[in-house]
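First up is the structure itself, then whatever we jot down about it.
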Amino acid sequence: MAHYRRAGNVPPKRHTQHRSPEGDLYREELMGEEGFSSDSSLLYHVGVPSAVLEAREWELPDQSTTPNQPLLPRHLKLHDLFSDADRDLVTGRRLVLGNGDVRISYAVGSQASPLYRNATGDECVFIEAGSGVLETVFGHLPFGPGDYLIIPRATTHQWLPEGEVRAYCIEANSHISPPRRYLSRYGQLLEHAPYCERDLRGPSEPEVRGADSAGDGEVEVFIKHRGTGPGGLAGTVHVVPRHPFDVVGWDGCLYPYAFNVSDYEPITGRVHQPPPVHQVFEGNNFVVCNFVPRKVDYHPLAIPVPYYHSNVDSDEIMFYVDGDYEARKGSGIGKGSISVHPGGHSHGPVPAAIEASLGAERFDELAVMVDTFRPLELGEGGRAVDDGVYAQSWTS
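Going left to right, the sequence shown walks through residues 1359 to 1754 as the working numbering numbers them.
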């Protein structure tokens, strides 16, 4: 996000001495993307950000995947994955779908997560239900239903739910940003974009943490990183000598932020608009779209539900959050469902939905869609909640 922010206490000139009132030198850390060639921020730590006392392996939640064979559209019932919330939003994630570019997980939790750092790519976490605070090394972000939280790669953070939280987690092997076609050549969101910088919420002022009273200052940081395990991933726990939230100030264009789906202004037309008008973010080889309550096509002969379409280049994954999804009525799809429409299979509304939609002026629906440009495979969570009959919904 090329939108400059400054928080806390930073020196007038970068890469120069910055000292505490007692005269101690703060440690400057450059957190940057693409090898010093893209967005970055400078953070000023009380302690040494590289210090590690111990390290051990962290056995990640099951990251194995199975090809979607035979090739079928599928209905995954995410609300059946968890019977309670007695877990956290990091170690309690269950992998639903994944490929070499993106992994989609689901989590239901009420417990504080460990300090966590994803070193494989950015995360885009959509809050289906619940509220809490995402604490980060940059500052804190309160969150609630409908929030997207964009967390840059390698940002140390911790999830603190206030009661039960349901989270839809999109983990990239790349960076995640607003769509390029909505950005100026300098990175400003343009006039035709469906949201702007005013809609984005950055973190609070940084909060310096002291020693952990339970461990003489030592704390653990869980790290997901590249490795030789399933999905090319591995996990490590670092024991560090002091809490990593020891930043007195930072500035730059790289930081976590929140965006609520209610601030997305839908693009509509006289006839049905294609899915790219619903795009909200993009990563390497995938896009994120959202379908929000909106006025629908207003040509006198318009058909408001989508036409049948064959995604020859992509898999289409729709997570149904709320409302009535007109095109899928009668298919079994409901709140908490995921529909998997793989490339190579033509899909669209159930037949009865076409006539039923004629004359509609508004759709009351909320959904998050991920389109990938390499085939997605089923994770253990997806395999566990596949209804097994969705493919027949167009003929039954």
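Yeah, the Cβ is synthetic: ideal placement off N, Cα and C, and Gly gets one too.
None of the values given here were measured: they were computed from a predicted structure.
Check                                                                                                                            : Outcome
Identified DSSP bridge partners for residue 1423                                                                                 : 1737
Expected contact under 8 Å - CB spacing of residue 1694 and residue 1708 to nearest Å                                            : Contact flag wrong, Cβ pair sits at about 19 Å.
Secondary structure of residue 1628, DSSP reduced to three states                                                                : coil
Spatial neighbours of residue 1414 in its chain, beta-carbon cut-off 6 Å, leaving aside the 5 residues before and after          : 1595
Residue 1616: first and last residue of the uninterrupted beta strand (DSSP E) it sits in                                        : 1615-1618
Rounded straight-line distance, which links the Cα of residue 1742 to that of residue 1453                                       : 10 Å
Closest Cα partner of residue 1420 within the set 1637, 1464 and 1388                                                            : 1464
Uninterrupted beta strand (DSSP E) stretches inside the stretch 1373-1408 (no shorter than 3 residues)                           : 1385-1390 and 1398-1403
Option nearest residue 1662 by Cα separation, candidates 1611, 1715, 1621 and 1501                                               : 1715
Nearest-angstrom Cα separation, counted from residue 1480 out to residue 1588                                                    : 19 Å
Beta carbon of residue 1502 nearer than 8 Å to that of residue 1485                                                              : yes
Runs of alpha helix (DSSP H) lying entirely within the stretch 1520-1546, each at least 4 residues, in chain order               : none
Status (buried if at least 16 other CB within 10 Å, exposed otherwise) for residue 1423                                          : buried
Cβ pair residue 1638, residue 1721 closer than 8 Å                                                                               : no
For residue 1731 and residue 1682, believed in contact at Cβ under 8 Å, the rounded distance                                     : Incorrect: roughly 30 Å between the Cβ atoms, too far for contact.
Stretch pair the stretch 1595-1612 + the stretch 1380-1393: three plus CB contacts closer than 8 Å                               : yes
Backbone secondary structure at residue 1712 - three-state DSSP                                                                  : helix
Residue 1550, buried or exposed, once every other Cβ within 10 Å from all chains shown has been counted against 16               : exposed
Environment of residue 1657 [buried if 16+ CB atoms lie within 10 Å]                                                             : exposed
In DSSP terms, what residue 1482 is bridged to                                                                                   : 1508 and 1528
Per-residue DSSP class, three states only, for residue 1516                                                                      : strand
Local Cβ density within 10 Å of residue 1371, reported as buried at 16 or more and exposed below that                            : exposed
Residue 1572 versus residue 1554 - alpha carbon distance                                                                         : Confidence at residue 1572 is low in this model, with a pLDDT of 39, below 50, so the placement of that residue is unreliable and no value is reported for it.
Rounded Cβ spacing between residue 1517 and residue 1490 (contact assumed at less than 8 Å)                                      : 7 Å
Any C-beta of chain C under 8 Å from that of residue 1745                                                                        : No chain C appears in this structure, which consists of one protein chain only.
Euclidean distance between Cα positions of residue 1747 and residue 1690                                                         : 9 Å
Same chain, Cβ closer than 6 Å to residue 1369, five either side skipped, listed in chain order                                  : 1376
Three-state class that DSSP yields for residue 1502 in the structure shown                                                       : coil
Residue 1526 Cβ short of 7 Å to the ligand ATP heavy atom set                                                                    : The ligand content of the structure shown is nil, which means the ligand ATP is not present either.
Whole-angstrom distance between residue 1394 and residue 1383, CA atom to CA atom                                                : 24 Å
Option nearest residue 1513 by Cα separation, candidates 1539, 1575 and 1401                                                     : 1401
C-alpha gap between residue 1648 and residue 1564, whole angstroms                                                               : 31 Å
Cut-off 6 Å between Cβ atoms - residues of its own chain near residue 1504, not counting five sequence neighbours on either side : 1618, 1619 and 1620
Check whether residue 1482 and residue 1508 have beta carbons under 8 Å apart                                                    : yes
For residue 1590, the three-state DSSP class (helix, strand or coil)                                                             : helix
Buried or exposed by the 16-neighbour rule on C-beta atoms within 10 Å, applied to residue 1751                                  : buried
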